[in-house]
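Below: the structure, in structure tokens.
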Amino acid sequence: TTEIYPLSLHDALPICFAAAACAQEATAPKLPPASAKTGLTYATDLKPIFDANCVKCHSGDKPKAHLHLDALDGILAGTKHGPVLMPGDGANSLMVKAVAHQLKDTDGWMPPMPNKAGAKTLTPEQIGLLIAWINQGAK
Numbered sequence: 679t680t681e682i683y684p685l686s687l688h689d690a691l692p693i694c695f696a697a698a699a700c701a702q703e704a705t706a707p708k709l710p711p712a713s714a715k716t717g718l719t720y721a722t723d724l725k726p727i728f729d730a731n732c733v734k735c736h737s738g739d740k741p742k743a744h745l746h747l748d749a750l751d752g753i754l755a756g757t758k759h760g761p762v763l764m765p766g767d768g769a770n771s772l773m774v775k776a777v778a779h780q781l782k783d784t785d786g787w788m789p790p791m792p793n794k795a796g797a798k799t800l801t802p803e804q805i806g807l808l809i810a811w812i813n814q815g816a817k
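So the sequence shown is residues 679 to 817, counted in the numbering used here.
In structure tokens form, the structure reads like this:
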């Protein structure tokens, strides 16, 4: 026969936390790898992606979240709440987490779906370019 030993709350909590962390990790989308392309620039490599998917909402006099994605200085300025990227650390940048749907709050996923602007979710390759661009200094 199998004996069952009752666990105290003190013993059970670490097991519950570990199980919850594993379950969350298993369901969270994986971050695509950074692109191997070097010499990435905003103007050449990222602006076309932002123009197609982001600037309809993140430009003009009243950009969503007060974030301009139509110019490099706007991206580097971030929002009224702070920066959206950390040059040199793409994987931990808010912008990457938002477009890769890694934020716990789905309201922060970009672009939101559905949307009136016709913006499409970035492909893993586009996210990989974004990560690499940030890793290379976001210039």
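Quick reminder that beta carbons are idealized off the backbone N, C-alpha and C, glycines included.
Could you pull out every residue in the same chain whose Cβ sits closer than 6 Å to the Cβ of residue i, ignoring the five residues on either side in sequence?
i	result
Leu757	Before going on, a small fix: residue 757 reads as Thr here, not Leu. Ala743, His744 and Leu745, listed in sequence order.
Gly752	His746
In angstroms, rounded to a whole number, what distance separates the CA positions of residue i and residue j?
i	j	result
Met773	Pro802	14 Å
Ala795	Thr716	31 Å
Asn770	Val733	22 Å
Ala699	Thr799	Low confidence applies to Ala699: its pLDDT is 46, below 50, so where it sits in the model is not reliable enough to give any reading.
Ala701	Lys782	Low per-residue confidence applies at Ala701: pLDDT is 46, beneath 50, and the placement is therefore not dependable, though the value from the model is reported in the following sentence. C-alpha separation (whole angstroms): 14 Å.
Asp739	Ile809	28 Å
Ala755	Thr719	17 Å
If I measure Cβ to Cβ from residue i and keep anything under 7 Å in the same chain, skipping five residues before and after, which residues do I get?
i	result
Pro765	Ile812, Gly815 and Ala816
Between residue i and the rest of its own chain, which residues show a CB-CB distance below 8 Å, the 5 nearest in sequence each way excluded?
i	result
Gly768	Ala712, Val774, Leu808, Ile809, Ala810, Trp811, Ile812 and Asn813
In or out: residue i buried (at least 16 other Cβ within 10 Å) or exposed?
i	result
Met788	buried
Asn731	buried
Tell whether a beta-carbon distance below 8 Å holds between residue i and residue j.
i	j	result
Pro726	Ile805	no
Leu747	Ser737	yes
Gly786	Ala776	yes
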